[in-house]
Amino acid sequence: MSKVIGVSGVNAPRLARVVRQSAAGITVGLSAVIYAISYGAMLFSGPLAPYVGIGIAAAIVTAVIGALFGLLSEERRFISGPDSSTTSVLAGLLATLSALEFAELRTVNLALATLFLTSVVCAVAFYALGRFKLAGLVRFMPFSVTAGFLASNGWLICSSGLDIISGTPLSRSGLTALLDQPYRPELVLAMAVLLALYGLASRVSAALLIPLVMLSASLLVNVALAYGICPATACSRDNWMFHGLDDLAWRPPWDLSLEWLDWRTLVSELPAMLVISFVGTLAILVSLASLERDFKKEFDLDRLLKAHAASTGVSAFLGGFVSIVSIGRTSLNRAVGGGALSGVIGSAICLAMLVGASGLIAYVPKAVLGALIMFLGLNMLKNWLWDQITAVNLHELAQIVLIIVLVANFGYLVGFAAGTVISCIVFAVAYSHIPLANLTTDLSALPSSVVRSRQDVETLSMRASKTVIYRFEGYMFFGSAKKIDAVFQTMDMATLEAIVMDFTLVNGIDRSAISAFQRILRRYADLPLHFYFVLPVANRDLQLSLLEDDTLHHQLSFFQVLDHALEAAEDRILSRNRVVGYEPSCFDFLDDMGDREVFRRYCDFRQFESGDMLCHEGELSDAIYFVNSGTFDVIKPLDSKPGRRLAKISVGAMVGEMALYTGKARSASIQATVSSSAYILSKLALARMRAELPELVTRFEHMVIRKVSESLARSNQLVTTLR
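To convert, note that position 578 of the sequence shown is 843 in the working numbering; the numbers rise steadily by one, no gaps.
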């Protein structure tokens, strides 16, 4: 089918992608500018407040470089920039320096030099951690901490949105101010925008919905203010619109002049700079771990730390400061349909503000942008707080709520530290057993109970070692799941055909462990490797979580009994490796077709419907059975309960020989599971064949002896394996 070309010769899907990414870039760029304004004002407060334009310019430079972060990383939709966790600590450091009562100009130079040197220290720390592959330590973070961190981001994003709309963040002082002046028309517009976003979300894609609602609402407000539709008493432009940024002043580091005493002051603050590098590293890794859950994708954390080192270094040398990947702006970019181009456009918008277009921000209504930010924050709160109410246990939910409260009141560092400590205490008290694989083997040592034809047995013997089996026990948590992941990474997975994982003895699975298994499956999704999970009813949460990702369905199978999983693994091997045209025969121990026909004449042929009994436990044996079609189960009856399956007899297999030759009563019943048929060699017919065709009987009995000896050898091996 030919591609659809418009009148201008532009490919329609490509044009739609460009339009979508342009809308995303504009949205992200404006959001980044607003955040940069607040972060710049946070840095240059107190004695530095008269120079706030310099702080805002530094923050915008950081946003310019941060919007291009996706070009340095494996995920093009990543957006980084100034971050509240590092900026708040930086602001405290600058406040300490400004209290030294140097001359104003010298204090400004010292503040900018501090931003530069701190950013360089952070860049070096980020690179060193990535270079020595230490970023993976974040994988040990409990689920409740990362979920709490994400939900806290949702809360803070909502707070930022409300602050942008009405100057009243979600804090005690902010809510008090809101109650003192409850009549706020801008809040009414913001609520209308929120309702429009939620009302249309199920009908219109986010890539089209968000730009459409923002543009429509912005146009409505600008027209209302320009033509006086809304009275000036209710619609003051100062309340409804942003101010232009006319006092920006870019100061690159090469324009700074420092005295010797200033260098001594900077060196004395190196410990504080190292603390900021630690906070920055923590913020990066927690954000990336959170985004992995959001994107359902595993990132190369070490590579991304080095990308942060590069972006922070470039930002520092251009007059900016520490850049951290932003959960909020990255999620916004993803929701609107952005990609690499949207980052470039967002960077261009930030740069335009810096070089003369800052007046354009005055045409963006606070209520519209604030409502969009609140929409994103509310979605994060829904995903990581509300939706977790039924997904986690009470202890984990309490930890998530506590982290939100602590972050909202005391900041990220306190919330993260408290959450981690609480998680460790709960884990140490509740889960003292570390789950390990108490069995590691393959199908050659632990076959299923299915009795198969000689040809199928030979096929399985050649391929069985390519299906490995793990049986776990105890409580499965993030640390042990990481150990399992490490074991898999040491194996040559490309040479395997299947992995059977038995969770029958596992008495619980942590949400972080489930995420680890999701990462394992995604890592090997491109290999022809199948995973068989044996899960009792108590551990079905793992199955439901793994099935959330539609891309993994083709490589997963779930069973409640290990033997059924082993049978499925064997069936898959046979279906992929069976000789073309081969049909299993119950008489394939005889190579000559004529001999097979002669042997068949001594047998009776019978057909069975599903549920019919071939023989019953306790009966004296007087026949051997050869399965011609269908399948039979060997069942051990239990008092007042359904019988337990001991083995399954497939086409081409023989059963009943032991009881016939020993003369003992049958130890189990045999029942047809589907419409089946079998040849029956009676004891009398066997005696007649021995008299008439002794050589044929000799070959048959050699086969029986070989089969019994092979079964005995497998039983001995199985006992050894299961010890």
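All residues carry an ideal CB built from backbone N, CA and C; glycine is no exception.
query: So GLY545 and ILE589 are in contact, right, with Cβ under 8 Å, and what is the actual spacing, rounded?
result: Along the sequence shown, read from residue 1 onward, the residue named residue 545 stands at position 280. Along the sequence shown, read from residue 1 onward, the residue named residue 589 stands at position 324. Rounded, the Cβ-Cβ distance is 6 Å, consistent with contact.
Unbroken alpha helix (DSSP H) run spanning TYR926, endpoints: Taking the first residue of the sequence shown as 1, we reach residue 926 at position 661. Counting along the chain, the alpha helix (DSSP H) containing TYR926 begins and ends at 922-927.
query: Can you tell me where the beta strand (DSSP E) with GLY739 in it begins and where it stops?
result: Residue numbering aside, residue 739 sits at position 474 when the sequence shown is read from its first letter. That run of the beta strand (DSSP E) goes 732-741.
message: Taking the beta carbon of THR963 as the centre, do at least 16 other beta carbons fall within 10 Å, making it buried, or is it exposed?
response: Here residue 963 corresponds to residue number 698 of the sequence shown, with the count starting at 1. Counting Cβ neighbours within 10 Å, THR963 comes out exposed, since fewer than 16 surround it.
- prompt: Out of curiosity, what's the CA-to-CA distance linking ARG776 and LYS747?
  reply: Residue 776 sits at position 511 when you count from the first residue of the sequence shown. Residue 747 sits at position 482 when you count from the first residue of the sequence shown. Roughly 13 Å separates the two Cα atoms.
field: Per DSSP, the bridge partner or partners of ALA937
entry: What you label residue 937 is simply residue 672 of the sequence shown in a count that begins at 1. Bridge partners of ALA937: PHE897.
query: According to the Cβ coordinates, are ILE422 and ILE668 closer than 8 Å?
result: For the purposes of this step, residue 422 is taken as residue 157 along the sequence shown, with counting starting at 1. For the purposes of this step, residue 668 is taken as residue 403 along the sequence shown, with counting starting at 1. Against a cut-off of 8 Å, the Cβ pair of ILE668 and ILE422 comes out as no contact.
query: Contact between the segment 786-799 and the segment 810-821: three or more CB pairs below 8 Å?
result: yes
task: Starting from the Cα of PHE391, find the closest Cα among GLU340, TRP528 and ASP567 and give me that residue.
output: Numbered from 1 along the sequence shown, position 126 holds the residue referred to as residue 391. The shortest C-alpha separation from PHE391 is found at ASP567.
field: Reduced DSSP secondary structure (H/G/I, E/B, other) of GLN872
entry: What you label residue 872 is simply residue 607 of the sequence shown in a count that begins at 1. Strand at GLN872.
message: List, from N- to C-terminal side, the alpha helix (DSSP H) runs of 4 residues or more that fit wholly inside the segment 809-852.
response: 827-842
message: Since LEU619 and ILE299 should fall inside the 8 Å C-beta cutoff, what is the C-beta to C-beta distance between them, to a whole number of angstroms?
response: For this step, residue 619 is matched to residue 354 along the sequence shown. For this step, residue 299 is matched to residue 34 along the sequence shown. With a Cβ gap of about 14 Å, LEU619 and ILE299 do not count as contacting.
- prompt: For ILE430, which option in LEU454, GLY335 and PHE675 has the closest C-alpha, if you only look at C-alpha atoms?
  reply: As a working note, residue 430 is residue 165 in the sequence shown. If we check each option's Cα against that of ILE430, LEU454 comes out closest.
message: Quick check: what's the CA-CA separation for ILE344 versus PHE560?
response: Locating residue 344 in the sequence shown gives position 79, counting from the first residue. Locating residue 560 in the sequence shown gives position 295, counting from the first residue. So the two alpha carbons sit approximately 14 Å from each other.
task: Could you check the C-alpha separation between SER709 and ILE838 for me, to the nearest Å?
output: In the sequence shown, counting from the first residue as 1, residue 709 sits at position 444. In the sequence shown, counting from the first residue as 1, residue 838 sits at position 573. Each residue's alpha carbon lies about 12 Å from the other.
Counted within 10 angstroms of its Cβ, other Cβ atoms place HIS573 as buried (16 or more) or exposed: What you label residue 573 is simply residue 308 of the sequence shown in a count that begins at 1. That one is buried.
message: Considering only heavy atoms of the ligand ADP, does any lie closer than 7 Å to the CB of ILE541?
response: In the structure on display, the ligand ADP does not appear, and there are no ligands present to speak of.
query: Near LEU375, what residues of its chain come up, given a Cβ to Cβ distance below 6 Å and the 5 sequence neighbours on each side ignored?
result: For the purposes of this step, residue 375 is taken as the residue at position 110 of the sequence shown. Within the same chain, LEU375 has close Cβ partners LEU362 and ASP527.
- request: For ARG599, I'd like the list of residues in its chain whose CB is within less than 6 Å of its CB, leaving aside the five on either flank, ordered along the chain.
  value: Along the sequence shown, read from residue 1 onward, the residue named residue 599 stands at position 334. Answer for ARG599: ARG342, listed in chain order.
message: Less than 8 Å between the C-beta atoms of ALA833 and PHE824, yes or no?
response: The count along the sequence shown starts at 1 and reaches residue 833 at position 568. The count along the sequence shown starts at 1 and reaches residue 824 at position 559. The answer is yes: Cβ separation under 8 Å.
field: Beta-carbon separation (whole angstroms), THR732 vs LEU827, contact threshold 8 Å
entry: Walking along the sequence shown from the start, residue 732 turns up at place 467. Walking along the sequence shown from the start, residue 827 turns up at place 562. At roughly 13 Å, the Cβ-Cβ gap does not stay under 8 Å, so THR732 and LEU827 are not in contact.
message: Quick check for students: name the residue ranges of the alpha helix (DSSP H) that lie wholly in the segment 508-578, counting only runs of 4 or more.
response: 525-533 and 535-560
message: Since ALA937 and LEU879 should fall inside the 8 Å C-beta cutoff, what is the C-beta to C-beta distance between them, to a whole number of angstroms?
response: Along the sequence shown, read from residue 1 onward, the residue named residue 937 stands at position 672. Along the sequence shown, read from residue 1 onward, the residue named residue 879 stands at position 614. Indeed they touch by this definition, with Cβ atoms about 7 Å apart.
- request: Determine the DSSP secondary structure at LEU911, reduced to helix, strand or coil.
  value: Indexing the sequence shown from 1 puts residue 911 at position 646. If DSSP states are grouped into helix, strand and coil, LEU911 belongs with the strands.
query: Can you list the beta strand (DSSP E) stretches of 3 or more residues lying completely in the segment 354-404, in chain order?
result: none
query: So does the segment 381-395 actually touch the segment 642-658, counting three or more Cβ pairs closer than 8 Å?
result: no
message: So, with DSSP's three-state summary, where would you put SER345?
response: The residue labelled residue 345 in the question sits at position 80 within the sequence shown. Strand, per DSSP.
task: Can you say whether ARG736 is buried or exposed, counting buried as having 16 or more other CB atoms within 10 angstroms of its CB?
output: As a position in the sequence shown, residue 736 is number 471, starting the count at 1. Its Cβ being crowded by 16 or more others within 10 Å, ARG736 is buried.
query: Roughly how many whole angstroms lie between the Cα atoms of GLY305 and SER501?
result: As a position in the sequence shown, residue 305 is number 40, starting the count at 1. As a position in the sequence shown, residue 501 is number 236, starting the count at 1. Whole-angstrom Cα-Cα distance: 25 Å.
- prompt: In whole angstroms, what is the alpha-carbon distance linking HIS698 and LEU399?
  reply: On the sequence shown, residue 698 is found 433 positions in, with the first residue counted as 1. On the sequence shown, residue 399 is found 134 positions in, with the first residue counted as 1. The pLDDT assigned to HIS698 is 47, lower than 50, so where the model puts this residue is not dependable; a value taken from the coordinates is nonetheless given after this. Rounded to the nearest angstrom, the two C-alpha atoms are 26 Å apart.
query: Relative to the C-alpha of LYS571, which residue among THR372, SER287 and SER338 is closest?
result: The residue you call residue 571 lines up with position 306 of the sequence shown. Comparing Cα-Cα distances from LYS571 to each of THR372, SER287 and SER338, the minimum goes to SER338.
message: Under DSSP, the alpha helix (DSSP H) around HIS660 begins and ends at which residues?
response: Against the sequence shown, residue 660 aligns to sequence position 395. Segment 659-675, the alpha helix (DSSP H) holding HIS660.
- request: Could you give the DSSP three-state label for ALA656: helix, strand or coil?
  value: Counting from 1 along the sequence shown, the entry for residue 656 is found at position 391. Looking at ALA656 - three-state DSSP - the assignment turns out to be coil, as it is neither helix nor strand.
task: May I ask you to report which of helix, strand or coil DSSP gives THR769?
output: Against the sequence shown, residue 769 aligns to sequence position 504. Residue state, collapsed to three classes: strand.
task: Put LEU704 into one of helix, strand or coil per three-state DSSP.
output: Sequence index remark: in the sequence shown, residue 704 carries index 439 (1-based). Of the three classes helix, strand and coil, the one that applies to LEU704 here is strand, per DSSP.
Continuous beta strand (DSSP E) stretch holding CYS997: start and end: Nothing can be reported for residue 997, as the shown portion of the chain is limited to 266 through 988.
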